[in-house]
Every structure is written in structure tokens, then in C-alpha cells.
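S.K.:
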Amino acid sequence: MKTVKTLIIIFLLLQANISFAQEVFTDTLTNREYLFLCGVSHDFQKMKLHDGSKIIWKSYKELEQSDLLSSKNFLSKIFSRNLYFVLQGHNWSAKMTGDSLNFPDYTTGELLKFNIKIYPDDDLMTRFSVMFKSSDNRAFGVVTYKGWTSGRQEICTLDNGDDESFSLFDVYLCIDGKVYRGCVYIESEKP
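According to the numbering used here, the stretch in the sequence shown is residues 341 to 531, in order.
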């Protein structure tokens with residue numbers, strides 16, 4: 341009976357056209373693979389992708405989903421490609437890499453630097469989420485993914501706004517007991 345319930349749930353999820361873990365897309369004309377960076381243009385027609393060497397924007401109509409990565413594998417691809425997370429909310433921002441969190445404290449003018457450990461959720465049937473905490477326990481947080489749909493798209497609306505895109509990531513960050521909410525963008529280190 342449990343197997344039947346599991347199969348029904350999987351079928352319903354597939355019918356809903358929602359992807360929960362991190363997607364890989366393939367260009368239907370060139371067969372080139374792209375890592376989805378969870379950003380969409382304001383008109384919802386283009387997706388923010390990484391082609392292995394740079395960030396690009398491409399119409400979702402030219403792409404089809406070809407793979408689904410666990411949180412751990414997605415993070416591995418992100419950090420191996422010199423990409424990082426920008427956490428951003430109202431009047432605050434931070435940069436998160438595979439092992440560090442840099443938070444400019446705008447009240448003191450000090451740059452707070454934390455060594456962090458990331459704890460990915462590796463269940464492919466749940467939405468992407470990662471927790472992180474600093475080694476000194478002063479900073480911790482969680483990044484969650486809203487999921488990509490080609491229909492009605494849920495977006496993060498908790499930041500000052502990127503001029504060209506919406507984020508599909510939310511973040512809750514706590515530093516020294518103060519809680520910050522915002523959105524997450526994936527960016528590239530400048531060569």
C-alpha cells in the first residue's frame with residue numbers, strides 16, 4: 341500500500357509541472373546543457389543559466405529540463421564554477437561561498453567574516469534547501485527554493501530588487517541574534 345501511495349504522489353508531482361530540486365536544462369536545438377541559477381526575467385520569459393563558463397539568459401521556450409540535481413550536487417557545481425550566493429534584503433546584503441559568509445554591518449561599518457559549514461538537504465522530492473552556520477555559532481541561516489514552473493511563478497519579493505530579474509530563492513539569516521529576510525542571487529567571481 342505504501343508503494344502505491346508513493347507512486348501516486350510522484351505522479352501528481354510530475355503532473356503539476358513543478359521541479360523541486362535544482363534543474364539542469366538542455367537547449368532543444370543545440371543539445372547544450374545549462375545549470376539553472378534560479379533567476380527569471382521580469383517578464384518571466386528568460387531564465388538565468390550557467391553554461392559551464394559564464395552566466396547567460398535564455399528563453400525557457402528553447403529549453404527542456406534534462407536532469408535534476410540534489411542540493412549537494414548543485415552546490416558542488418556552483419562552487420566548482422567560481423559562483424557564489426548573494427543574500428540580499430531591505431538595507432542589507434551578504435556574500436556566501438562554500439565555506440564563508442561576509443556580512444557588511446551597515447550600522448557599524450564593519451565587515452563581519454564568518455567561516456561556515458553548509459548542510460544540504462539531499463531529498464530530491466523536496467524543494468532545494470540548505471542550512472548553514474558559522475563555526476562560532478554567531479551566524480546561521482537557511483536558503484530555500486520556490487521551484488520553477490512554466491505557468492504561474494512564485495518569486496522572492498523580500499529584497500531591494502534586481503534590475504533585470506526576480507529570484508526564486510528565499511533566505512533567513514540570523515547574525516548575533518538579529519534576523520534578516522531576503523532573496524538570494526547566484527553570481528560569478530570576476531575573472
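No residue lacks a Cβ here, since even glycine has one placed at the ideal position from N, Cα and C. A quick note: this is a predicted structure, and the numbers were derived from the prediction, not measured.
#1: Is isoleucine 458 closer than 9 angstroms to leucine 415 when the C-beta atoms are compared?
#2: Counting Cβ pairs, one atom from each stretch, are 3 or more of them under 8 angstroms apart for the region 427-434 and the region 391-402?
#3: So, with DSSP's three-state summary, where would you put serine 416?
#4: Where tyrosine 520 and phenylalanine 454 are concerned, what is the direct C-alpha to C-alpha distance, given to the nearest angstrom?
#5: Given a cut-off of 9 angstroms on the beta-carbon distance, is the pair serine 528 and leucine 423 in contact?
#6: Identify every residue that forms a DSSP beta bridge with aspartate 510.
#7: Assess contact between the region 372-383 and the region 432-446, defined as three or more Cβ pairs (one per stretch) separated by less than 8 angstroms. Is contact present?
#8: If threonine 366 and leucine 389 are in contact, beta carbons under 8 angstroms, what's the gap, nearest whole angstrom?
#9: Bridge partners of threonine 366, per DSSP?
#10: If you compare alpha carbons, which of Pro444, Ile495, Cys514 is closest to cysteine 523?
#11: CA-CA distance, serine 474 and glutamine 362?
#12: Give me the Cα-Cα distance between phenylalanine 468 and lysine 412, rounded to the nearest whole angstrom.
#13: Could you work out which residue in Ser410, Gly481, Phe384 is closest to glycine 517 when comparing CA atoms only?
#14: Pull up the distance between the alpha-carbon of leucine 369 and that of aspartate 391, whole angstroms please.
#15: According to DSSP, is serine 469 helix, strand or coil?
#16: So, glutamine 405 versus valine 470, is the Cβ gap smaller than 9 angstroms?
#17: Among residues of its own chain, excluding the 5 on either side of arginine 372, which ones have a beta-carbon nearer than 8 angstroms to its beta-carbon?
#18: Would you call leucine 451 buried or exposed, if buried means 16 or more other Cβ atoms sit within 10 Å of its Cβ?
#19: In whole angstroms, give me the CA-to-CA distance for lysine 394 and aspartate 476.
M.R.: Working from what's here:
#1: Position 75 of the sequence shown, counted from the first residue, corresponds to residue 415. Position 118 of the sequence shown, counted from the first residue, corresponds to residue 458. In this structure, isoleucine 458 lies closer than 9 angstroms to leucine 415 by Cβ.
#2: no
#3: The residue labelled residue 416 in the question sits at position 76 within the sequence shown. Correct three-state label for serine 416: helix.
#4: For the purposes of this step, residue 520 is taken as residue 180 along the sequence shown, with counting starting at 1. For the purposes of this step, residue 454 is taken as residue 114 along the sequence shown, with counting starting at 1. Cα to Cα, the separation comes out at about 16 angstroms.
#5: Here residue 528 is taken as the residue at index 188 of the sequence shown, counted from 1. Here residue 423 is taken as the residue at index 83 of the sequence shown, counted from 1. Yes.
#6: For the purposes of this step, residue 510 is taken as the residue at position 170 of the sequence shown. Partner(s): Thr484, Cys523.
#7: no
#8: Reading the sequence shown from its first residue, position 26 is the one you call residue 366. Reading the sequence shown from its first residue, position 49 is the one you call residue 389. The Cβ separation is near 11 angstroms, so there is no contact.
#9: Taking the first residue of the sequence shown as 1, we reach residue 366 at position 26. Note: threonine 366 sits in a beta bridge opposite Glu373, Glu404.
#10: In the sequence shown, the residue the question calls residue 523 occupies position 183. Ranking the options by Cα distance to cysteine 523, first place goes to Ile495.
#11: Within the sequence shown, residue 474 is the residue found at index 134, counting from 1. Within the sequence shown, residue 362 is the residue found at index 22, counting from 1. So the two alpha carbons sit approximately 24 angstroms from each other.
#12: Against the sequence shown, residue 468 aligns to sequence position 128. Against the sequence shown, residue 412 aligns to sequence position 72. Straight-line Cα distance between these residues: approximately 10 angstroms.
#13: As a position in the sequence shown, residue 517 is number 177, starting the count at 1. Selected option, being the one with the closest Cα: Gly481.
#14: As a working note, residue 369 is residue 29 in the sequence shown. As a working note, residue 391 is residue 51 in the sequence shown. Going by the C-alpha atoms only, they are around 15 angstroms apart.
#15: One-based indexing of the sequence shown puts residue 469 at position 129. Here serine 469 sits in strand by DSSP.
#16: If you number the sequence shown from 1, residue 405 lands on position 65. If you number the sequence shown from 1, residue 470 lands on position 130. In this structure, valine 470 does not lie closer than 9 angstroms to glutamine 405 by Cβ.
#17: Residue mapping note: residue 372 aligns to position 32 of the sequence shown, counting from 1. Same-chain partners within the cutoff: Thr366, Asp391.
#18: Your numbering for residue 451 matches position 111 in the sequence shown. By the 10 Å Cβ count, leucine 451 comes out exposed.
#19: Residue 394 sits at position 54 when you count from the first residue of the sequence shown. Residue 476 sits at position 136 when you count from the first residue of the sequence shown. Computed Cα separation, rounded: 34 angstroms.
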